[in-house]
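J.: Can you read through this structure? Questions will come right after.
Residue numbers (full-length UniProt numbering): 1 to 610.
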């Protein structure tokens, strides 16, 4: 049961979200994230989350503590005042505060905090954190030793009070091992119901972007239960469940194929297909009856990924010629990299808005960084007019690449950028460095190790010295090439790759479905926006959703090896955690691992574990 209350007469009318207008360079990513402020309640001044200052001992300051609003996108915390986040920074001083201490990200009502290095002491609810962690309303945050804050989210607080006024507790003491809500739909309206949440759905009208996933999972659980046609035999019930899930997967696949040129739809359905696939694979009751659906969804995710990469590469190809414009930039806003950075920023905003899994985000940006590297590098080594092999162009390329690398670092993509922009970066380094004396051979070989012998020879032989530079000796070129033949060329052949002058168009990496980092690990209760998504369907008589107040609030309750006993205390869930939220029986077994990670980033980086 759930309580429907009439809106008070003095309550302002709810503003409908307008469809975003596609502009230049945005046929896809949905435009800049700031475009959504006027029509989203999360961006109204009185709805913005904020940090309120506490005393050094964590005590309330009786209304005298300063408040710091957390606007959309990134707020940097540290002793330095950032010039790269639109003025959004929280400047702190004192013990253990680093110049760039941590990053607070606000995206679609979700606020996360990420330490910028292992030396940046950051605590949430008294627990030190080392990775991206979601902040919950009312939690305590400490930076360094003395800077204490309480995190306040008016949106979460409002939902809490609404539940209180409806005489329901958020998580009652019973904590039954059931889903936070159940959904029912009639057999005769099944096709209309499924089409309404797949083929007929406009992603721009959906507030909670993963609403189709949670709706379809509840539908699958309903079909698997005896509440659906109690008279059916277990065999018939299993057959009907398999049939429905296969139909759903095919619908999702068809939507992706039909919208292969629409980045907004592709990101939306890539996120939903991957999340639904995870639900079906992990649900211990549904898993065995959804094998065909799992195969279809896995293929659908890959098709959506490839199509989205194609869309973004097409946008980049129109902006990359400006990357090689023969001019020195006056400023970054009007510089040669501005359009490229705009596309990357809009793409990241789109993926975050659609709640795409972090591992898919890393893979997608790896493809885009490779495309930038390939496009620019091939023109440097292959084109004769203009000749880019000069010291001036080496400096320009290094400066322009640095802006992309800085952007990637702020997004937590520094490892992907370092890896896939390496050849272009090393080519720029070669062009502006010393290369006339025998002593330079060792330096070139050690710093340009990614470049093979053909690429090094082309860059050095095409090099046009400035008036104050000597010509590169031929024996130096031959020696550098000889070293590359025994190192870079050898490694390429061992990997089965051809030694070639130009970079390959496609990045030769297999597509990998994420193993963790899914929303069900962090979502608690009925997600905000899910009821709004289902309201029109319920009014049309296509389905009925009922919250279950006695639920423990977990969506992983039916997953393999879950023990959903309540945790001993509050804990902020980590975005990248691969642990379930369950508490194992008895004393936990301790395993010691070593994580080697860059000192900067926002938590999307891949780390090596030993």
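Ideal Cβ placement from N, Cα and C applies to all residues, glycine included.
Here the structure is a predicted model, which means the values were calculated and not measured.
1. Kindly indicate the opening and closing residues of the beta strand (DSSP E) around residue 122.
2. Using a threshold of 7 Å, is the CB atom of residue 314 nearer than that to any non-hydrogen atom of the ligand ATP?
3. Under a three-way DSSP split, which group does residue 136 fall into?
4. CA-CA distance, residue 220 and residue 530?
5. Looking at the secondary structure, which residues open and close the alpha helix (DSSP H) in which residue 530 lies?
6. Using alpha carbons as the reference points, say which of 194, 93, 111, 102 lies closest to residue 146.
7. Where does residue 238 sit, in a helix, a strand or coil, going by DSSP?
8. Based on DSSP bridge pairs, tell me the residues matched to residue 115.
9. So, does the segment 305-321 touch the segment 338-349, judging by three or more C-beta pairs under 8 Å?
10. Note the first and the last residue of the continuous beta strand (DSSP E) segment covering residue 50.
11. Express the C-alpha separation of residue 226 and residue 241 in angstroms, rounding to a whole number.
12. What are the residues that DSSP puts in a beta bridge with residue 78?
13. Please report the residue range of the alpha helix (DSSP H) in which residue 546 lies.
14. Buried or exposed: residue 257, going by 16 or more other Cβ atoms within 10 Å of its Cβ?
15. Which value, in whole angstroms, describes the spacing of the CA atoms of residue 507 and residue 368?
16. Give me the Cα-Cα distance between residue 115 and residue 253, rounded to the nearest whole angstrom.
17. Under the assumption that residue 176 contacts residue 552 (Cβ atoms under 8 Å), give the Cβ distance between them as a whole number of angstroms.
18. Measure the alpha-carbon distance for residue 143 versus residue 105 and round it to whole angstroms.
19. Enumerate in chain order the residues of its own chain whose CB-to-CB distance from residue 246 is below 6 Å, with the five nearest sequence positions on each side excluded.
20. I need the DSSP call for residue 127, collapsed to helix, strand or coil.
21. With DSSP collapsed to three states, give me the class of residue 227.
22. Bridge partners for residue 184 per DSSP, in chain order?
23. So, at 6 Å on beta carbons, what are the nonlocal neighbours of residue 545 in its own chain, with the 5 sequence-adjacent residues on each side left out?
24. Would you mind working out which of 102, 148, 502, 110 sits nearest residue 382, comparing C-alpha positions?
25. Does DSSP put residue 552 in a helix, in a strand, or in coil?
26. With a threshold of 6 Å on Cβ separation, who are the neighbours of residue 67 within its own chain once the five nearest residues in sequence on each side are excluded?
27. Within 10 Å of its beta-carbon, does residue 71 have 16 or more other beta-carbons around it, so buried, or fewer, so exposed?
28. Grab the span of the beta strand (DSSP E) containing residue 152 for me, first residue to last.
29. Would you mind sorting residue 56 into buried or exposed? The rule is 16 or more other CB atoms within 10 Å of its CB.
30. To the nearest whole angstrom, what separates the beta carbons of residue 401 and residue 428, a pair I think is in contact under 8 Å?
31. Ends of the beta strand (DSSP E) at residue 411?
32. Drop a sphere of 10 angstroms on the beta-carbon of residue 272, count the other beta-carbons inside from all chains shown, and report buried for 16 or more, exposed for fewer.
33. Tell me where the alpha helix (DSSP H) around residue 426 begins and ends.
34. So what's residue 478 in DSSP terms, helix, strand or just coil?
35. Going by beta carbon distance, what residues of the same chain come within less than 8 Å of residue 277, once the five residues before and after it are set aside?
36. With DSSP collapsed to three states, give me the class of residue 110.
T.: From the atom records:
1. 122-124
2. By its list of ligands, the structure shown contains no ligand whatsoever, and the ligand ATP lies outside what it can speak to.
3. coil
4. 16 Å
5. 530-539
6. 93
7. helix
8. 102
9. yes
10. 50-53
11. 12 Å
12. 91
13. Element bounds for residue 546: not the alpha helix (DSSP H) but the beta strand (DSSP E), 544-547.
14. exposed
15. 9 Å
16. 39 Å
17. 7 Å
18. 16 Å
19. 292, 293
20. strand
21. coil
22. 544
23. 181, 183, 534
24. 502
25. coil
26. 50, 52
27. buried
28. 147-152
29. exposed
30. 6 Å
31. That residue, residue 411, is in no beta strand (DSSP E); it is neither H nor E in DSSP.
32. buried
33. 422-432
34. helix
35. 294, 297, 298, 301, 513
36. strand
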